[in-house]
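Reviewing the structure listed below.
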Amino acid sequence: MAIINSLAATDNIFFSSLIEHVYQYGWVFLPQFLTPELNAALLHEAQYEADLTLAGIGRSNAHQLNMQIRRDATKWFDGQSSAQQNYLQLMAKLQQALNRQCFLGLFDFECHFARYQQGDFYKKHLDAFKGRTNRVLTTVSYLNTVKQGGQLALYDEKDTLIKTITPTAGSLLLFESERFPHEVLPAQDPRFSIAGWFRKNANINGVLDPAN
0 MAIINSLAAT DNIFFSSLIE HVYQYGWVFL PQFLTPELNA ALLHEAQYEA DLTLAGIGRS
60 NAHQLNMQIR RDATKWFDGQ SSAQQNYLQL MAKLQQALNR QCFLGLFDFE CHFARYQQGD
120 FYKKHLDAFK GRTNRVLTTV SYLNTVKQGG QLALYDEKDT LIKTITPTAG SLLLFESERF
180 PHEVLPAQDP RFSIAGWFRK NANINGVLDP AN
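All residue numbers for the sequence shown refer to numbering that gives the first Met the number 0, where the first residue is 0 and numbers rise by one.
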């Protein structure tokens, strides 16, 4: 079972346990990852300060809105608030630990707030396709506890359901981006999270990190 309890998110023992589970299973869920103070600050920003807009599918020129596939609203981090800076610093420490222990060559981390209101969903999808993306690991930090709806269903390569995860404040889900299809089931209660990706540098023809 790839579920572990956290200690302190900056503790080397904690990172080692997290990475061991990712290495063994390809995914891990941590019921306690963010401190209550940081979680509260991020949730407040997502609820009241961030200008969230309807999310699309695809990247670059292929980006488009499709309400039949996803209905959440998002806002990419710009690193301007102290809460965002603290979160990005935490993820940078995790990136360093992953590179040091697993030699993944992770180049950077990108993330955005996500809001699901009643009836919103995101159909089953992969965050990366083999050989066609620079996304390596997906992260989902849940900012509020949801009583009804909005669960994330995680599947394996054979499309068998592995786990249905109910969002709880301060928790983190991490999994291999090109390995695990997943979906967000229709929300009943408002659901706030941070979706993120650790990426490799896709240098093609001398162009640094091209969009794909």
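No residue lacks a Cβ here, since even glycine has one placed at the ideal position from N, Cα and C.
Margin query: Just list the residues that DSSP pairs Gly148 with in beta bridges.
Written below: Taking the first residue of the sequence shown as 1, we reach residue 148 at position 149. DSSP lists Ala186 as the beta-bridge partner residues of Gly148.
Check: Going by other Cβ atoms of all chains shown within 10 Å of its Cβ, with 16 needed for buried, is Gln28 buried or exposed?
Finding: In the sequence shown, residue 28 corresponds to position 29, counting from 1. Just to set this straight, residue 28 is Phe in the shown sequence, not Gln. A residue is called buried once 16 or more other Cβ atoms fall within 10 Å of its Cβ, and Phe28 is buried on that count.
Check: Looking only at its own chain, which residues have a Cβ that is under 6 Å from the Cβ of Leu153, when we skip the five neighbours before and after it?
Finding: In the sequence shown, the residue the question calls residue 153 occupies position 154. Contacts found: Ile161, Lys162, Phe179 and His181.
Margin query: On the CB-based measure, 16 or more other CB atoms within 10 Å of its CB, does Pro35 come out buried or exposed?
Written below: To locate residue 35, count along the sequence shown from 1; it is residue 36. Classification for Pro35: exposed.
Next item on the list: If I'm right that Gln117 touches Ala186 with Cβ under 8 Å, what's the distance once you round it to whole angstroms?
Entry: What you label residue 117 is simply residue 118 of the sequence shown in a count that begins at 1. What you label residue 186 is simply residue 187 of the sequence shown in a count that begins at 1. Contact flag correct, Cβ pair sits at about 6 Å.
Item checked: Candidates Phe174, Leu184 and Asp188: closest to Leu97 by CA position -> The residue labelled residue 97 in the question sits at position 98 within the sequence shown. Selection Phe174, Leu184 and Asp188 evaluated against Leu97 yields Phe174 as nearest (Cα-Cα).
Next item on the list: Determine the direct distance from the alpha carbon of Phe191 to that of Ala113, and round the result to whole angstroms.
Entry: Position 114 of the sequence shown, counted from the first residue, corresponds to residue 113. Position 192 of the sequence shown, counted from the first residue, corresponds to residue 191. So the alpha carbons of these two residues sit roughly 6 Å apart.
Item checked: Simplified DSSP state of Leu93, which is helix, strand or coil -> Numbered from its first residue, the sequence shown carries residue 93 at position 94. Looking at Leu93 - three-state DSSP - the assignment turns out to be helix.
Check: What span of residues does the beta strand (DSSP E) with Leu172 cover, start to end?
Finding: Position 173 of the sequence shown holds residue 172. Leu171 to Glu175 is the span of the beta strand (DSSP E), which, as asked, contains Leu172.
Margin query: What ranges does the beta strand (DSSP E) occupy inside the region 109-140, keeping only unbroken runs of at least 3 residues that lie completely in it?
Written below: DSSP runs (the beta strand (DSSP E)) wholly in the region 109-140: 121-124.
Notebook entry, point to check: Hey, how far is the Cα of Arg198 from the Cα of Leu125?
Noted result: For the purposes of this step, residue 198 is taken as the residue at position 199 of the sequence shown. For the purposes of this step, residue 125 is taken as the residue at position 126 of the sequence shown. Cα to Cα, the separation comes out at about 15 Å.
Item checked: Among Gln100, Tyr115, Gln83 and Lys123, nearest to Glu109 - alpha-carbon criterion -> In the sequence shown, counting from the first residue as 1, residue 109 sits at position 110. If we check each option's Cα against that of Glu109, Gln83 comes out closest.
Item checked: Residue(s) in a DSSP beta bridge with Asp107 -> Here the question's residue 107 lines up with position 108 in the sequence shown. Asp107 is bridged by DSSP to Arg198.
Notebook entry, point to check: By Cβ distance below 6 Å, which residues in the same chain neighbour Ala127 in space, the five residues on each side in sequence not counted?
Noted result: Within the sequence shown, residue 127 is the residue found at index 128, counting from 1. By the criterion of a C-beta distance shorter than 6 Å, Ala127 is surrounded in its chain by Arg134, Ser176 and Glu177, once the five residues flanking it on both sides are discounted.
Notebook entry, point to check: beta strand (DSSP E) containing Leu29: first to last residue?
Noted result: Translated into the one-based positions of the sequence shown, residue 29 becomes position 30. First-last of the beta strand (DSSP E) with Leu29: Trp26 to Leu29.
Margin query: Which of the three DSSP states is assigned to Ser80 in this structure?
Written below: The residue you call residue 80 lines up with position 81 of the sequence shown. It is coil, neither helix nor strand.
Next item on the list: Mind checking who Ala192 pairs with in its DSSP beta bridge?
Entry: Residue 192 sits at position 193 when you count from the first residue of the sequence shown. Rather than Ala, the amino acid found at residue 192 in this sequence is Ser. Here Ser192 is bridged, per DSSP, to Ala113 and Tyr141.
Next item on the list: Return the residue from the list Leu151, Phe120, Asp188 and Glu156 that minimises the CA-CA distance to Leu171.
Entry: For the purposes of this step, residue 171 is taken as residue 172 along the sequence shown, with counting starting at 1. Nearest C-alpha to Leu171: Leu151.
Checklist line | Thr138 beta carbon less than 8 Å from that of Ala168 | finding: For this step, residue 168 is matched to residue 169 along the sequence shown. For this step, residue 138 is matched to residue 139 along the sequence shown. At least 8 Å separates the beta-carbon of Ala168 from that of Thr138.
Notebook entry, point to check: Helix, strand or coil: which one does DSSP assign to Leu51?
Noted result: Counting from one through the sequence shown, the residue named residue 51 turns up at place 52. For Leu51, the three-state secondary structure derived from DSSP is coil.
Notebook entry, point to check: Thinking just about the alpha-carbon of each residue, which of Lys122, Cys101 and Ile164 is nearest to the one in Glu19?
Noted result: Counting from one through the sequence shown, the residue named residue 19 turns up at place 20. The residue from Lys122, Cys101 and Ile164 with its alpha-carbon nearest to that of Glu19 is Cys101.
Notebook entry, point to check: Taking DSSP as the reference, what is the three-state secondary structure of Arg70?
Noted result: Residue numbering aside, residue 70 sits at position 71 when the sequence shown is read from its first letter. The answer is coil: DSSP assigns Arg70 none of H, G, I, E or B.
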